[in-house]
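Read through the structure below, which is laid out as structure tokens, and then see the notes.
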Amino acid sequence: MYQQVVVHCSNILKEKNYQVSRPLMIKLFTSSPRQNNAYALAWALFILVACGAPPSTFDELQLKDILGYDKPIHAILFGTQAYLLIRALKHKASLEKMITYACLLSALYGVLIELLQKFYFEGRSFDYFDMLANILGCLIVWIWFTRKAKMLAQ
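Residue numbers for the sequence shown follow our numbering, beginning at -5 and rising by one.
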């Protein structure tokens, strides 16, 4: 099943020449709170499926060859999760609190994923460096957004 999903996704990317359409990007950045919640949840589910899949599932995509290591992939996955959560939660309370909550929640999700890899997912194992990369991705987003929020407040 995982291989079918990966093959299907890679075929779509090949057909599109690895380009994301402009209307999709505009919609992502100008979406409603309900859509932001859906994006954050969908991304969290994507991470769960991707991190729970056997490693052989991704051999065809050759992501390690493109980026060199899997750590940047982890940082990007969880940094994106933090970003999407910030967008989903930004209307709930003060922006600075929501930035912190979203990044902490994403980092904890990264730790949970690593624990699931150790105890639940077959063919996967716990890796401290993957966990640190997950947290680092969230930390980068936190730093960027807190600086941006402070600049907007001035």
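The beta carbon of each residue, even a glycine, is placed where N, CA and C say it ideally should be.
Item: Which term fits R16, buried or exposed, when burial requires 16 or more other beta carbons within 10 angstroms of its beta carbon?; Value: The predicted model places R16 with a pLDDT of 46, which falls under 50 and marks its position as unreliable; any figure quoted below should be read in that light. Classification for R16: exposed.
Item: Taking the alpha carbon of H68 as the point to measure from, which residue in F123, P49, K142 and A147 has its own alpha carbon closest?; Value: F123
Item: Quick one, are the C-beta atoms of L79 and A96 less than 8 Å apart?; Value: yes
Item: Distance check for Q111 and S119, CA to CA, integer angstroms please.; Value: 5 Å
Item: Looking only at its own chain, which residues have a Cβ that is under 6 Å from the Cβ of G46, when we skip the five neighbours before and after it?; Value: F115
Item: Roughly how many whole angstroms lie between the Cα atoms of E108 and D121?; Value: 7 Å
Item: Let me know if L83 comes out buried or exposed under the rule of 16 or more other beta-carbons within 10 Å of its beta-carbon.; Value: buried
Item: Would you decide whether G154 is buried or exposed? Buried here means 16 or more other CB atoms lie within 10 Å of its CB.; Value: This structure cannot settle anything about residue 154, because the visible part of the chain is limited to -5 through 148.
Item: Output the distance between the C-alpha atoms of K142 and S88, rounded to the nearest integer angstrom.; Value: 14 Å
Item: What residue range is occupied by the uninterrupted alpha helix (DSSP H) comprising Y95?; Value: L89 to F113
Item: Helix, strand or coil, according to DSSP, for A47 in the structure here?; Value: coil
Item: Cβ of Q75 within 8 Å of Cβ of Y33?; Value: no
Item: How big is the Cα-Cα spacing for A36 and M145?; Value: 30 Å
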